[in-house]
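Take the sequence shown: its position 113, counted from the start at 1, is 121 in my numbering, and no numbers get skipped. Where a beta carbon is used, it is the ideal one built from N, C-alpha and C, also for glycine. If you're wondering where the values come from, they're calculated on a predicted model, not measured in any experiment. Below: one structure, written as structure tokens.
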Amino acid sequence: MSGLFCGGCACGAIRYECSAEPLLSEICYCRDCQRSSGNASAALLFVPMANFTLTSGSPKFYRVTGTSGFPLDRGFCSRCGSPMVVKPHRLPDLIVIAAASLDDPSAFRPQVEIWTRSAPPWACLHPTLLKIPEQMTAEERDALFALAPRLASFSRS
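Here it is, written out as structure tokens:
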């Protein structure tokens, strides 16, 4: 994915752009992401909050406790209902973008699949991606940081 990308909701009321490469691109199978996306998983891009700009509109947020046990603020368009972003309280300098909201979602390149133990039997997991079955162990976190080294500077272990 190139350095500048943009996207928005289905009705066009909310638009954003990002001036940085994603720190991490993942597919999450946790129950919270399943409920939020209405699918087996959610495709997500982690970017620094400082590089994310809303260019029109503003998402409405609701707070949930994620499968990890930490609070998340999920942002969606109040007009069309499109899931847009997630603000993880544990990582306040990051924003997580729903890949489906990208203008060009074909540019999404996942690096890891997480919470795979929650994937329904009909989900199609990628055969070569790193798999993290549930809450990350220290070894899995190290493997993730090897894939996405810039993410480590935002982490609160």
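Practice task
Tell me, please, whether the segment 134-142 touches the segment 43-60 by the rule of three or more beta-carbon pairs shorter than 8 Å.
Solution key: no
Problem - Rounded Cβ spacing between Gly83 and Pro67 (contact assumed at less than 8 Å) - result: Reading the sequence shown from its first residue, position 75 is the one you call residue 83. Reading the sequence shown from its first residue, position 59 is the one you call residue 67. Beta-carbon to beta-carbon, Gly83 and Pro67 are separated by about 3 Å, close enough to satisfy the 8 Å threshold.
Practice task
Please go through the segment 82-117 and give each complete beta strand (DSSP E) segment of 3 or more residues, from N-terminal end onward.
Solution key: 91-96, 102-106
Handout entry: Identity of the residue in Phe60, Asp81, Leu138 nearest Arg117 by Cα
Key = The residue labelled residue 117 in the question sits at position 109 within the sequence shown. It is Leu138.
Problem - Strand pairing of Pro56, partner residues [DSSP] - result: Taking the first residue of the sequence shown as position 1, residue 56 is located at position 48. Per DSSP, the beta bridge partners of Pro56 are Leu102.
Exercise for the section: Helix, strand or coil for Thr75, going by three-state DSSP, please let me know. Expected result: Taking the first residue of the sequence shown as position 1, residue 75 is located at position 67. Under the three-state reduction of DSSP, Thr75 is assigned to coil, being neither helix nor strand.
Exercise for the section: Identify, in the order they occur along the chain, each residue of the same chain with its Cβ nearer than 7 Å to the Cβ of Leu110, setting aside the five sequence neighbours on each side. Expected result: For the purposes of this step, residue 110 is identified with residue 102 of the sequence shown, where counting begins at 1. Result list for Leu110: Phe13, Gly15, Phe116, in chain order.
Exercise for the section: Leaving aside the five residues before and after Arg43 along the sequence, list all residues of the same chain whose C-beta is less than 7 Å from its C-beta, in chain order. Expected result: For the purposes of this step, residue 43 is taken as the residue at position 35 of the sequence shown. Excluding positions up to five away in sequence, the list is empty.
Handout entry: Alpha carbon of Glu147 to alpha carbon of Ala154, nearest angstrom
Key = On the sequence shown, residue 147 is found 139 positions in, with the first residue counted as 1. On the sequence shown, residue 154 is found 146 positions in, with the first residue counted as 1. Each residue's alpha carbon lies about 11 Å from the other.
Exercise for the section: For Glu142, name the three-state secondary structure that DSSP assigns. Expected result: The residue you call residue 142 lines up with position 134 of the sequence shown. If DSSP states are grouped into helix, strand and coil, Glu142 belongs with coil.
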